[in-house]
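Engineer: Count along the sequence shown starting at 1, add 69, and that's the number in the working numbering. In this text, a Cβ means the ideal position worked out from N, Cα and C, and glycines have one as well. Have a look at the structure that comes next, please.
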Amino acid sequence: MLIKSESFVVDFCKGNIAEFKFCLPGSVNKLSQQTLQDCAKALAELSTRDDVKGLVFTSDKDHFIVGADIFEFLPTFNRPEQELVSWIKDATDVFDAIEDLPFPTLSAINGLALGGGCEWVLATDYRIATPNAKIGLPEVKLGIMPGFGGTVRLPRVIGADNAMTWISTGQENRAPDAFKVGALDAVVAADKLMDAAIKTLEQAIDGKLDWQAKRQLKLEPLKMNRVEQGMSFAMAEGMVMAKTKGHYPAPVMAVKTIKAAANQTRTEAMAIENANFAKLAKTAEAAAQTGIFLADQYIKGVAKKQAKASQLDIKQAAVLGAGIMGGGIAYQSAYKGTPIVMKDINQAALDLGMGEAAGLLGKKVKRGHMKTEKMVATLGKIKPTLNERDLENSDIIVEAVVENPQVKKAVLADLEKQLPKGTVLTSNTSTIRIDELATALENPEYFCGMHFFNPVPKMPLVEIIRGEKTSDNTVAAVVDYALKLGKSPIVVNDCPGFFVNRVLFPYFAGFSKLVVEGADFSQIDKVMENVFGWPMGPAYLLDVVGIDTANHCTGVMAEGFPTRMARQDKDPVALLANAERFGQKNQKGFYQYAPDRKGRLKKSKDPESLTLLSQICNDAQQFDKQTIIERCMIPLINEVLLCLQEGIVASPQEADMALIYGIGFPPFRGGAFRYLDQIGLSEFVAMADKYADLGEIYQVSEQTRAWAAEGKVFYQVEGQ
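And the structure:
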């Protein structure tokens, strides 16, 4: 054995070709600071050996290198900027050392090579991967950019345009796609990977492959003339700004870094990357987005612990109620491997549900992400039926019928009588209290809420609602099933609207008050989208949710919180609902909708809705951007605080991830509690007090005042 450390072993694998095998303790290989230090020493030793003529990097695990150890690196971001520059240069020197070895190098990639793992393979002369491998630079999702040479090497390997797309989107790239753009030199079957790697290095050693030319390309300026550079970078900057609306500095900085380094050598380009990485690491957006990563890891840890306690082995699921929602749930269950029965009383609904599942799978086949045989096999795991007896062998049933408490109670009571005791029943309700529905059951301990968000395949969140009599075993089983569906489950306690909808409807109420006072709803949408950062403003979101649905839920929330969430005398949502303007579902709500060339509904202003709203709204009035943000956001954040104080949600991490995954709270703000930490809780209280006369949704609790007085923060600085 040539070299051995806790992170890797180096030894000859054939002749004078050495294998550098990563074998870190644990389930995946990650680049820690100690690993990089050990690699630096090993690479220095290898560079002086006369008996090594080629080097292949491999992994002993299912994945190559999944990236840097973010938990270890985050505390480093607290250092002063200049210290960060020095630190990151020490790291990039390790990657440069790979590229400066006096013999050809190759990465044999299996599974994931992401972030630092991708930058590692870019530093080698050749890259060969298995068909299931994925490579990419996802750093922008953490509010930073590649810092180990990714902005320098990737543009020189696959071209500036491709590199800017990869880096600014943070996308993972399948091996065949990476091969097409030149990021990989070959894609081979897993059992042929090592043979192909050795053969390639043998050809390079024998002079049949010009490895020095491949390396030299990465040491020199980009092969683009000034005109090409001008067009390419201007287009990339424009596209990134249009997509991020200026809220996310990381992709913008990445493009600017590639541009600034375009005419520089590797040494000069790396210095630019080092400096710009350090600047990004100190931004509030980086703190927020890395905070999301940590919060996501937290909720996953909580969910795994809960699921581990499950005493139920879920081999068969069922969904009661087909259509789009039922079809989406059935698709997700079958796609992730759990067979499911889809029951309805209407054949047309079953056809719609199967059509939804088939359509979703068909898109995967069309995009090359699934073979037709697998699509057929997956559809075979969904059993559409009109017969209640087909539910008898189900371990868990998701009731997804109409959002009406009497209907749901009747359906659940009927199910309980037919099924063996211990069958877990769940309700996919969005607002109706679980305790109310449980009154129809003889064994409510086997019942809880399982609130999916639409569209089911795209939305990661599942709210699991614990009723007063729900057993721990039931919660554990439902969490386990949600994880099997590939979802992020968050357990909350029961109340009207649970967590997500409970905090969303005060936001809608704040919006409605503004509209009644004369604000232009489209102007509110623009401010909440372009300035605050929501993917959709409140009027647009109401149209997407469904005006009729929102109107119904407003009534449920008013019953649950009769003083704080009482229905307004002048209610734009009720007005539009009564006029049968239901939003996108019938192409008219606040806006009117028409299909574009791709068949997607595009919104535009509708004079009819403006005329209708004028019946209850004051004369047009202008509100400044900050006022609009405060009037909409204070009710939402105030309700979030109440939910934590009342124990509806257990932690700031779970609350923030539910908001981000459930309703698209702007990730660059990190969630409601991280946003409160940024602006200061005392500042929030002062802000809310300005509007206290507008009603209870703007009035903070005594607990919130006490927290503000003591200077409470919800997140400690990572690493401290």
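Within 10 angstroms of the Cβ of residue 300, are there 16 or more other Cβ atoms? Answer buried if so, exposed if not.
Structural biologist: By the 10 Å Cβ count, residue 300 comes out exposed.
Engineer: Who are the near neighbours of residue 366 in its chain, counting only those whose CB is closer than 6 Å to its CB and skipping five residues on each side?
Structural biologist: Around residue 366: no qualifying Cβ.
Engineer: Enumerate in chain order the residues of its own chain whose CB-to-CB distance from residue 333 is below 8 Å, with the five nearest sequence positions on each side excluded.
Structural biologist: Result list for residue 333: 290, 341, in chain order.
Engineer: Could I get the ranges of all uninterrupted beta strand (DSSP E) runs contained in the segment 70 to 124, with 3 residues as the minimum, in chain order?
Structural biologist: Runs found: 77 to 83, 86 to 91.
Engineer: Ignoring anything shorter than 3 residues or poking outside the segment 385 to 421, list the beta strand (DSSP E) runs there in chain order.
Structural biologist: The segment 385 to 421 contains these whole beta strand (DSSP E) runs: 386 to 389, 409 to 412.
Engineer: By the 10 Å Cβ neighbour count, where 16 or more other Cβ atoms means buried, how is residue 70 classified, buried or exposed?
Structural biologist: Under this definition residue 70 is an exposed residue.
Engineer: Quick check on DSSP: helix, strand or coil for residue 671?
Structural biologist: It is a strand residue.
Engineer: Please report the straight-line C-alpha distance between residue 139 and residue 461, rounded to a whole angstrom.
Structural biologist: Their Cα atoms are separated by approximately 47 Å.
Engineer: How many whole angstroms separate the CB atoms of residue 516 and residue 531, which I take to be in contact at a CB cut-off of 8 Å?
Structural biologist: Residue 516 to residue 531, Cβ: 16 Å. No contact.
Engineer: Could you please give me the residues that DSSP links to residue 176 through a beta bridge?
Structural biologist: BP columns for residue 176 point to 126, 196.
Engineer: What separation, rounded to the nearest whole angstrom, lies between the Cα atoms of residue 398 and residue 390?
Structural biologist: Each residue's Cα considered, the two are about 10 Å apart.
Engineer: For residue 778, which of helix, strand or coil comes out of DSSP?
Structural biologist: Looking at residue 778 - three-state DSSP - the assignment turns out to be helix.
Engineer: Where does residue 225 fall in DSSP's three states?
Structural biologist: Of the three classes helix, strand and coil, the one that applies to residue 225 here is helix, per DSSP.
Engineer: Does DSSP put residue 564 in a helix, a strand or coil?
Structural biologist: In this structure, residue 564 counts as coil in the three-state DSSP scheme.
Engineer: Is the beta carbon of residue 646 sitting closer than 8 Å to the one on residue 766?
Structural biologist: Going by C-beta atoms, residue 646 is not nearer than 8 Å to residue 766.
Engineer: Which of the three DSSP states, helix, strand or coil, is assigned to residue 205?
Structural biologist: In the structure shown, residue 205 sits in a strand (DSSP, three-state: E or B).
Engineer: Kindly list the residues whose CB is nearer than 7 Å to the CB of residue 329, restricted to its own chain and excluding five residues on each side of it in sequence; keep chain order.
Structural biologist: Same-chain partners within the cutoff: 341.
Engineer: Leaving out the 5 sequence neighbours to the left and right, which residues in its chain are closer than 7 Å to residue 796 when beta-carbon positions are compared?
Structural biologist: Absent from the structure is residue 796, since the part of the chain shown begins at 70 and ends at 789.
Engineer: Do residue 692 and residue 552 count as a contact pair if the criterion is CB distance below 8 Å?
Structural biologist: No, the Cβ-Cβ distance between residue 552 and residue 692 is not below 8 Å.
Engineer: For the beta strand (DSSP E) that contains residue 241, what are its first and last residues?
Structural biologist: First-last of the beta strand (DSSP E) with residue 241: 241 to 243.
Engineer: Below 8 Å CB to CB, which residues in the same chain sit around residue 733 once its five sequence neighbours on both sides are set aside?
Structural biologist: The residues are 603, 604, 605.
Engineer: Kindly say whether residue 199, judged by its beta-carbon, lies nearer than 8 Å to any beta-carbon of chain B.
Structural biologist: This model lacks chain B altogether; it includes just one protein chain.
Engineer: Give the DSSP-derived three-state secondary structure of residue 789 in the structure shown.
Structural biologist: Confidence at residue 789 is low in this model, with a pLDDT of 32, below 50, so its placement is unreliable and the value that follows should be read with caution. If DSSP states are grouped into helix, strand and coil, residue 789 belongs with coil.
Engineer: Going by DSSP in three states, residue 134 sits in which element: helix, strand or coil?
Structural biologist: Looking at residue 134 - three-state DSSP - the assignment turns out to be strand.
Engineer: What are the boundary residues of the beta strand (DSSP E) that residue 535 is part of?
Structural biologist: Note, residue 535: beta strand (DSSP E), 530 to 535.
Engineer: Per DSSP, which residues does residue 657 bridge with? Please list them.
Structural biologist: In DSSP, residue 657 forms a bridge with 652, 661.
Engineer: Would the segment 151 to 162 count as touching the segment 189 to 204 if we require 3 or more Cβ pairs under 8 Å?
Structural biologist: Contact between the segment 151 to 162 and the segment 189 to 204 is absent, because fewer than three Cβ pairs lie under 8 Å.
Engineer: Can residue 213 and residue 109 be called in contact, C-beta distance under 8 Å?
Structural biologist: The answer is no: Cβ separation not under 8 Å.
Engineer: Looking only at its own chain, which residues have a Cβ that is under 6 Å from the Cβ of residue 601, when we skip the five neighbours before and after it?
Structural biologist: Result list for residue 601: 698, in chain order.
Engineer: On the CB-based measure, 16 or more other CB atoms within 10 Å of its CB, does residue 295 come out buried or exposed?
Structural biologist: Looking at its Cβ environment, which holds fewer than 16 other Cβ atoms inside 10 Å, residue 295 is exposed.
Engineer: Report the residue from 483, 649, 404, 246 whose alpha carbon sits nearest the alpha carbon of residue 658.
Structural biologist: Taking only the C-alpha atoms, the option nearest residue 658 is 649.
Engineer: By the three-class DSSP mapping on this structure, what secondary structure does residue 454 have?
Structural biologist: Note: residue 454 maps to strand in three-state DSSP.
Engineer: Check whether the segment 115 to 131 and the segment 92 to 104 are in contact - that is, three or more C-beta pairs closer than 8 Å.
Structural biologist: At 8 Å Cβ cutoff, the stretches touch.
Engineer: Could you say which of 359, 768, 498, 188 lies nearest to residue 621 if we only look at CA atoms?
Structural biologist: Of the listed residues, the one whose Cα sits closest to residue 621 is 498.
Engineer: Considering only their Cβ atoms, is the gap separating residue 206 from residue 112 smaller than 8 Å?
Structural biologist: Not in contact: residue 112 and residue 206 (Cβ atoms no closer than 8 Å).
Engineer: Ignoring anything shorter than 4 residues or poking outside the segment 464 to 544, list the alpha helix (DSSP H) runs there in chain order.
Structural biologist: Counting only runs of 4 or more, we get 474 to 487, 503 to 507.
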